[in-house]
Amino acid sequence: MRTRITLLLVALLLIAVPASAQQLFDFLGQTVVPGDVGGMLNMDSVVRDPAPATTPIPLDFANYEYTLVVRDLVLDIDGSPQVYSGGMLVIYEDNTTVADHANPATFSDGTAILIGAITTLNRTMFTATLGSAAGWVDWTGGTRLDDIAPADQLGWPFLTGISRHDGNVEAGYDEQWDGKVEPEEPIVEVTPMSWGSVKALLY
Amino acid sequence: MRKSLPFLAMVLVVVFAMPAFGQLSSIDYFGYAWETGGFPPSNAGDVLVFTGVADFADPIFGVDLATEELTFYMYDLVSAGEVDIGGGVLMINYTGGWLEIYRDAAMNADWGIAPPNPTSPSTFIDGTLYFQGSFNSLTVFLNPGGDGAYEGSLDGIGGEMIDSVCADCVFTWGGNFVGASGAQIPDGYDLQIDGVFQIEQAVPTEGTTWGSVKALFN
Numbered sequence: 000m001r002t003r004i005t006l007l008l009v010a011l012l013l014i015a016v017p018a019s020a021q022q023l024f025d026f027l028g029q030t031v032v033p034g035d036v037g038g039m040l041n042m043d044s045v046v047r048d049p050a051p052a053t054t055p056i057p058l059d060f061a062n063y064e065y066t067l068v069v070r071d072l073v074l075d076i077d078g079s080p081q082v083y084s085g086g087m088l089v090i091y092e093d094n095t096t097v098a099d100h101a102n103p104a105t106f107s108d109g110t111a112i113l114i115g116a117i118t119t120l121n122r123t124m125f126t127a128t129l130g131s132a133a134g135w136v137d138w139t140g141g142t143r144l145d146d147i148a149p150a151d152q153l154g155w156p157f158l159t160g161i162s163r164h165d166g167n168v169e170a171g172y173d174e175q176w177d178g179k180v181e182p183e184e185p186i187v188e189v190t191p192m193s194w195g196s197v198k199a200l201l202y
Numbered sequence: 000m001r002k003s004l005p006f007l008a009m010v011l012v013v014v015f016a017m018p019a020f021g022q023l024s025s026i027d028y029f030g031y032a033w034e035t036g037g038f039p040p041s042n043a044g045d046v047l048v049f050t051g052v053a054d055f056a057d058p059i060f061g062v063d064l065a066t067e068e069l070t071f072y073m074y075d076l077v078s079a080g081e082v083d084i085g086g087g088v089l090m091i092n093y094t095g096g097w098l099e100i101y102r103d104a105a106m107n108a109d110w111g112i113a114p115p116n117p118t119s120p121s122t123f124i125d126g127t128l129y130f131q132g133s134f135n136s137l138t139v140f141l142n143p144g145g146d147g148a149y150e151g152s153l154d155g156i157g158g159e160m161i162d163s164v165c166a167d168c169v170f171t172w173g174g175n176f177v178g179a180s181g182a183q184i185p186d187g188y189d190l191q192i193d194g195v196f197q198i199e200q201a202v203p204t205e206g207t208t209w210g211s212v213k214a215l216f217n
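For the record, the sequence lines run as chains A and B.
Per numbering that gives the first Met the number 0, the very first residue in the first sequence carries number 0; after that it's consecutive.
Per numbering that gives the first Met the number 0, the very first residue in the second sequence carries number 0; after that it's consecutive.
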């Protein structure tokens with residue numbers, strides 16, 4: 000029995016299909032930035048289908064809308080760059096309400112498929128209206144967390160461009176953020192197969 | 000008098016065309032770029048090239064990304080070299096350069112590796128020329144960590160979008176980028192780029208009556 004389980008594990012490793020396309024969650028959204036140290040940054044965004052690249056886990060863009068939000072990211076140091084920590088990043092799947100910046104609640108309804116901790120984020124403004132932010136995310140929860148192997152759940156780069164141009168900023172927000180979250184290397188997609196199918200591959 | 004009324008109406012439409020919050024029409028794109036000699040550093044005379052795809056377009060553009068792709072080809076941007084602007088941030092201005100956007104039902108965009116290669120830029124410049132513009136400016140800001148942001152503006156000079164969406168607009172091009180430490184970048188490319196292409200002057204207009212206009216001044 001122990002041998003069979005070992006063989007099954009080996010077989011699953013063998014059948015793990017390396018992903019070749021670039022993988023990312025590409026988002027475009029709006030952000031509220033704190034005015035003082037200790038204040039919190041929040042972002043509401045929509046995730047788009049990045050074809051011909053792929054999302055790190057399969058998403059059904061034909062039938063669902065995917066939103067990505069940042070919540071309660073705390074401003075620790077107000078300099079250049081600003082340094083943030085302690086926030087949460089969540090990706091929601093929803094097919095009942097259309098995301099609308101006039102109603103921020105429409106970004107955080109539905110099923111939380113991935114929940115992550117933002118370990119740190121630096122926000123730099125190069126001009127009055129142009130900047131960027133870079134941080135790191137560790138995935139810790141959500142209904143699809145198990146789609147990502149434990150070894151692949153940590154240390155995903157979060158990068159975004161920042162525009163404070165009036166024409167880009169929705170009422171009630173301070174900035175437009177256009178960015179992505181992605182693993183540094185393509186994560187391996189596992190294809191579950193029956194033992195019979197595995198044996199069939201070897202004969 | 001009859002002639003002057005239409006003229007006044009046109010003037011009023013112009014006067015009352017006001018930019019609103021979040022009203023710029025946008026195409027969201029991402030892709031990969033390379034520069035002769037690599038990036039960084041960006042030495043004077045190096046040439047920047049980018050190929051990318053759109054993953055969102057405002058309805059005004061009339062493109063269904065489920066059935067066709069919008070692909071981007073930015074080329075011939077010549078670096079003026081790096082300038083240290085403090086805090087470890089480098090600024091790079093580029094001169095010249097062109098941006099072309101193609102609309103293509105083949106949906107065959109493929110970056111491949113080691114560009115230029117048999118699929119890049121060729122699969123990004125097939126289909127119908129949707130937009131062609133010449134850069135007025137492009138400025139890149141590079142953080143010490145290898146990421147950064149950029150912005151520039153273009154004059155539209157050709158493509159079907161010029162006729163169908165906006166003929167006299169200024170177009171802006173901005174976003175962020177990162178090197179190999181923060182992204183999955185195909186071999187031979189230097190940067191992942193994620194940004195928006197926007198119509199800067201496509202602003203909503205507010206219709207109003209002559210009486211309402213006079214009331215504003217009384």
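Just so it is clear, CB atoms sit at the ideal spot from N, CA and C, and this is done for glycine as well.
In angstroms with no decimal places, state the Cα-to-Cα distance between residue i and residue j.
i: residue 116/B; j: residue 57/A; result: 29 Å
i: residue 185/B; j: residue 85/A; result: 32 Å
i: residue 139/B; j: residue 82/B; result: 10 Å
i: residue 113/B; j: residue 188/B; result: 7 Å
i: residue 74/B; j: residue 124/B; result: 12 Å
i: residue 197/B; j: residue 135/A; result: 29 Å
i: residue 51/B; j: residue 196/A; result: 40 Å
i: residue 69/A; j: residue 120/A; result: 11 Å
i: residue 46/A; j: residue 154/B; result: 30 Å
i: residue 163/A; j: residue 169/A; result: 10 Å
i: residue 35/B; j: residue 178/B; result: 15 Å
i: residue 144/A; j: residue 130/B; result: 41 Å
i: residue 104/B; j: residue 132/B; result: 22 Å
i: residue 118/A; j: residue 73/A; result: 11 Å
i: residue 106/B; j: residue 38/A; result: 44 Å
i: residue 146/A; j: residue 42/B; result: 43 Å
i: residue 101/B; j: residue 75/A; result: 44 Å
i: residue 32/B; j: residue 99/A; result: 32 Å
i: residue 20/A; j: residue 29/B; result: 14 Å
i: residue 55/A; j: residue 106/A; result: 20 Å
i: residue 61/A; j: residue 53/A; result: 14 Å
i: residue 166/A; j: residue 176/A; result: 13 Å
i: residue 156/A; j: residue 136/B; result: 29 Å
i: residue 22/B; j: residue 71/A; result: 27 Å
i: residue 54/B; j: residue 180/A; result: 15 Å
Is it buried or exposed for residue i, if we count other Cβ within 10 angstroms and need 16 for buried?
i: residue 36/A; result: exposed
i: residue 97/A; result: exposed
i: residue 161/A; result: buried
i: residue 175/B; result: buried
i: residue 159/A; result: buried
i: residue 65/B; result: exposed
i: residue 131/A; result: buried
i: residue 147/B; result: buried
i: residue 198/A; result: exposed
i: residue 49/A; result: buried
i: residue 174/A; result: buried
i: residue 99/B; result: buried
i: residue 41/A; result: buried
Near residue i, which residues of its chain fall below 7 Å by C-beta distance, leaving aside the five closest residues on each side in sequence?
i: residue 103/A; result: 43
i: residue 92/A; result: 63, 65, 109, 110, 112
i: residue 62/B; result: 56, 69, 102
Mind pulling the chain B residues with CB within less than 7 Å of residue i?
i: residue 48/A; result: 54
i: residue 79/A; result: 86
i: residue 184/A; result: 183
Can you pull the chain A residues whose beta carbon is under 8 Å from the beta carbon of residue i, in chain order?
i: residue 177/B; result: 133, 156, 158
i: residue 29/B; result: 23, 25, 49, 52, 179
i: residue 162/B; result: None at all; the shortest Cβ gap to chain A is about 23 Å.
Who are the Cβ neighbours of residue i in its own chain at under 6 Å, not counting the five residues just before and after it?
i: residue 87/B; result: 143
i: residue 180/B; result: 145
i: residue 182/B; result: 191
i: residue 45/B; result: 34, 35, 36, 78
Within the same chain, show all residues whose beta-carbon is closer than 8 Å to that of residue i, passing over the 5 residues directly before and after it, in chain order.
i: residue 20/B; result: Per-residue confidence for residue 20/B stands at a pLDDT of 49, beneath the threshold of 50, marking its modelled position as unreliable; the derived number appears in the next sentence. Counting only Cβ-Cβ distances below 8 Å, and skipping sequence neighbours, we find nothing.
i: residue 139/A; result: 114, 115, 116, 152
i: residue 110/B; result: 30, 31, 50, 118, 119, 185, 188
i: residue 163/B; result: 61
Given that residue i touches chain B, what residues does it touch there, using C-beta distances under 9 Å?
i: residue 161/A; result: 148, 175
i: residue 129/A; result: 138, 140, 148, 149, 150, 173
Exercise. Looking at chain A, which residues of the region 133–160 of chain B have a Cβ within less than 7 Å of any of its Cβ atoms?
Worked result: 140, 142, 144, 146, 147, 148, 150
Exercise. For the region 17–34 of chain A, which residues have a CB atom closer than 8 Å to at least one CB atom of chain B, in sequence order?
Worked result: 21, 22, 23, 25, 27, 29
For this session: Could you list the residues in the region 49–76 of chain B with a C-beta less than 7 Å from some C-beta on chain A, going in chain order?
Result: 52, 54, 55
Exercise. Which residues, in chain order, does the region 180–194 of chain B contribute to contact with chain A at a C-beta distance below 9 Å?
Worked result: 180, 181, 182, 183, 184, 185, 191, 193, 194
For this session: Give the residues from the region 76–107 of chain B that approach chain A closer than 7 Å (Cβ to any Cβ), ordered along the chain.
Result: 86, 88
For this session: Please name the residues in the region 115–126 of chain A whose beta-carbon is closer than 7 Å to at least one beta-carbon of chain B, in chain order.
Result: 123, 125
Problem set entry | Contact list for the region 109–124 of chain B against chain A, Cβ threshold 9 Å | 109, 110
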